[in-house]
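*Asks:* Residue 6 is where the sequence shown starts when you use my numbering, and the numbers rise one by one after that.
Every residue, glycine too, gets a C-beta built ideally from N, C-alpha and C.
Values in this document were obtained by computation on a predicted structure and should not be read as measured data.
Structure below; questions to follow.
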Amino acid sequence: MPLTTFQRAVLKVLSAYQDAKSGYLAGGAALHFAPDSLRYSRDLDFFHDSVERVADAFAADRGRLEAAGCTVEVTISQPGFVRAVVRRGADATLIDWAHESAWRFMPLVRIEEGGFLLHPVDLAVSKLLALVGRNEPRDFVDVLYVHAHVLPLGALCWAAVGKDPGFSPRSLLEMLKRRGQYRSEDFARLDLVVPIDLIATKESWRAALDAAEGFILTAPPEQIGCLYWSTASQHFLMPSPDLATASDVVPHFGRPGGVLPNLVDANEPE
Numbered sequence: 006m007p008l009t010t011f012q013r014a015v016l017k018v019l020s021a022y023q024d025a026k027s028g029y030l031a032g033g034a035a036l037h038f039a040p041d042s043l044r045y046s047r048d049l050d051f052f053h054d055s056v057e058r059v060a061d062a063f064a065a066d067r068g069r070l071e072a073a074g075c076t077v078e079v080t081i082s083q084p085g086f087v088r089a090v091v092r093r094g095a096d097a098t099l100i101d102w103a104h105e106s107a108w109r110f111m112p113l114v115r116i117e118e119g120g121f122l123l124h125p126v127d128l129a130v131s132k133l134l135a136l137v138g139r140n141e142p143r144d145f146v147d148v149l150y151v152h153a154h155v156l157p158l159g160a161l162c163w164a165a166v167g168k169d170p171g172f173s174p175r176s177l178l179e180m181l182k183r184r185g186q187y188r189s190e191d192f193a194r195l196d197l198v199v200p201i202d203l204i205a206t207k208e209s210w211r212a213a214l215d216a217a218e219g220f221i222l223t224a225p226p227e228q229i230g231c232l233y234w235s236t237a238s239q240h241f242l243m244p245s246p247d248l249a250t251a252s253d254v255v256p257h258f259g260r261p262g263g264v265l266p267n268l269v270d271a272n273e274p275e
């Protein structure tokens, strides 16, 4: 699990008091709970469904951290967003408390080590939108990771329109084609588990873009903004053209709070 020992200790303190209404971990730290992830995150991002909850959660969490022997130095404080440096001895990490829409594809998940987290598919969609909005090497690394381990790039572009209707899958893909032009020193600033192979990474990115384009051109336009759930394999996927209308592949749309997918074939009688 590529979180620092101190980050894990902080999560243990805060998750002991956490419930589904008190916020959830998102961003890079939530994504990198996976043991095969590619990089360490330098901060912890806790999201809340309203501006008011951000202030309440920060006040409560600050007290808990200080009771655990930490110091909390606020660096940014504004409605809906607080950033602080949390220290204990020689260890430190950034923590953000922020407002985020409750709209998502899946309900929150809970794990013993970190409390409530965004579901991996929602983390993946958010990461893709982050890379579209900012040309950051860390987001590029994360999107390549979720493409390989969570959901292919084309399915993420398709679903991301559900979260941000100001885009189309095609416009997202065109913006992503402008990403990936990085140098070794860009990745050297990241806390990576293993060094980036620039040639292999470039090839993987081009293949991901090509596959995404093929999917976007053939997927049913009336289903833009959905994920695809396979009732046979019980996971989300990017269907090939011959599977897009298969009875065991059903569209899954998001909503506030998220919703579990249909667990039976679309054509199966109840």
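Would you mind sorting residue 125 into buried or exposed? The rule is 16 or more other CB atoms within 10 Å of its CB.
*Replies:* Locating residue 125 in the sequence shown gives position 120, counting from the first residue. By the 10 Å Cβ count, residue 125 comes out buried.
*Asks:* Can you have a look at residue 174 and say buried or exposed, based on whether 16 or more other CB atoms are within 10 angstroms of its CB?
*Replies:* On the sequence shown, residue 174 is found 169 positions in, with the first residue counted as 1. Result: buried.
*Asks:* Between which residues of its own chain and residue 144 is the CB-CB distance below 7 Å, once the five residues before and five after are set aside?
*Replies:* Here residue 144 refers to the residue found at position 139 when the sequence shown is read from its first residue. Closer than 7 Å at Cβ, skipping near neighbours: 132, 135, 136.
*Asks:* Expressed to the nearest angstrom, what Euclidean distance is found between the alpha-carbon atoms of residue 78 and residue 262?
*Replies:* Position 73 of the sequence shown, counted from the start, is the residue given in the question as residue 78. Position 257 of the sequence shown, counted from the start, is the residue given in the question as residue 262. Going from the Cα of residue 78 to the Cα of residue 262 covers about 32 Å.
*Asks:* Could you check whether residue 258 and residue 159 sit closer than 8 Å to each other, using their CB atoms as the reference points?
*Replies:* The residue you call residue 159 lines up with position 154 of the sequence shown. The residue you call residue 258 lines up with position 253 of the sequence shown. Contact flag unset, no.
*Asks:* Given a cut-off of 8 Å, decide if residue 46 and residue 33 are closer than it, judged by their beta-carbon atoms.
*Replies:* Position 28 of the sequence shown, counting from 1, holds the residue named residue 33. Position 41 of the sequence shown, counting from 1, holds the residue named residue 46. Going by C-beta atoms, residue 33 is nearer than 8 Å to residue 46.
*Asks:* In terms of residues, what are the limits of the beta strand (DSSP E) holding residue 78?
*Replies:* Within the sequence shown, the letter at position 73 stands for residue 78. Segment 76 to 83, the beta strand (DSSP E) holding residue 78.
*Asks:* Measuring CB to CB, does residue 7 end up less than 8 Å from residue 198?
*Replies:* Walking along the sequence shown from the start, residue 7 turns up at place 2. Walking along the sequence shown from the start, residue 198 turns up at place 193. The answer is yes: Cβ separation under 8 Å.
*Asks:* Starting from the Cα of residue 156, find the closest Cα among 53, 231, 187, 52 and give me that residue.
*Replies:* Reading the sequence shown from its first residue, position 151 is the one you call residue 156. Considering only alpha carbons, the answer is 231.
*Asks:* Tell me whether residue 113 sits in a helix, a strand or coil according to DSSP, three-state version.
*Replies:* Taking the sequence shown and counting its residues from 1, the one referred to as residue 113 is at position 108. Residue 113: coil per DSSP, three-state reduction.
*Asks:* Apply the 10 Å Cβ neighbour rule to residue 240 and answer buried if 16 or more other Cβ atoms are within range, or exposed otherwise.
*Replies:* Your numbering for residue 240 matches position 235 in the sequence shown. Exposed is the call here.
*Asks:* Quick one: is residue 205 buried, meaning 16 or more other Cβ sit within 10 Å of its Cβ, or exposed?
*Replies:* In the sequence shown, residue 205 corresponds to position 200, counting from 1. It counts as exposed.
*Asks:* Just how far apart, CA to CA, sit residue 195 and residue 252?
*Replies:* Translated into the one-based positions of the sequence shown, residue 195 becomes position 190. Translated into the one-based positions of the sequence shown, residue 252 becomes position 247. Taking the straight line joining both Cα atoms gives about 44 Å.
*Asks:* Please list the terminal residues of the continuous alpha helix (DSSP H) segment that includes residue 220.
*Replies:* Taking the sequence shown and counting its residues from 1, one reaches residue 220 at position 215. Start and end: 203 to 223.
*Asks:* For residue 96, I'd like the list of residues in its chain whose CB is within less than 7 Å of its CB, leaving aside the five on either flank, ordered along the chain.
*Replies:* Within the sequence shown, residue 96 is the residue found at index 91, counting from 1. So the qualifying residues of the chain are 11.
*Asks:* So, do the segment 63 to 75 and the segment 93 to 109 have three or more beta carbon pairs nearer to each other than 8 Å?
*Replies:* A contact exists between the segment 63 to 75 and the segment 93 to 109.
*Asks:* Shortest alpha-carbon distance to residue 57 belongs to which of 48, 87, 242, 186?
*Replies:* Sequence index remark: in the sequence shown, residue 57 carries index 52 (1-based). The residue with the shortest Cα to Cα distance from residue 57 is 87.
*Asks:* At what residues does the alpha helix (DSSP H) containing residue 192 begin and finish?
*Replies:* The sequence position of residue 192 within the sequence shown is 187, counting from 1. 189 to 193 is the extent of the alpha helix (DSSP H) around residue 192.
*Asks:* Give the single residue among 186, 266, 27 whose Cα lies nearest to the Cα of residue 120.
*Replies:* Counting from 1 along the sequence shown, the entry for residue 120 is found at position 115. Here the closest residue by C-alpha is 27.
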